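Student:
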Amino acid sequence: MKGIEMQAIEGNGRSTGIAGMRPGQLLAIAAVVAAVLFGVAGVIGAIGYLVSVSRYR
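The number in my numbering is simply the position in the sequence shown, starting from 1, with 221 added.
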């Protein structure tokens, strides 16, 4: 395939990925990712607290 550039293009001709998203969609995804990360940090902190309390007793 000489002279043909391979690009990630959807059926409607728009580029795929984050570049084609609207700012509101990016903000929503960032909020969900932040919530998940804070949740994971909370679970890890709770487990650490329980381990430290169980060792103290």
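C-beta: ideal position from N, C-alpha, C; glycine also. A quick note: this is a predicted structure, and the numbers were derived from the prediction, not measured.
Any beta carbon from chain D within less than 9 angstroms of Leu248's own beta carbon?
Tutor: Protein chain content of the structure displayed is limited to a single chain, and chain D is not contained in it.
Student: Pop quiz: Ile239 and Leu247 are said to be a contact at Cβ under 8 angstroms. What is the actual Cβ separation, rounded to whole angstroms?
Tutor: 7 angstroms
Student: State the DSSP-derived secondary structure class of Gly238, mapped to helix, strand or coil.
Tutor: In the structure shown, Gly238 adopts coil according to DSSP, grouped into three states.
Student: At what residues does the alpha helix (DSSP H) containing Arg279 begin and finish?
Tutor: The shown model of the chain, from 222 to 278, leaves out residue 279, and the question about it has no answer.
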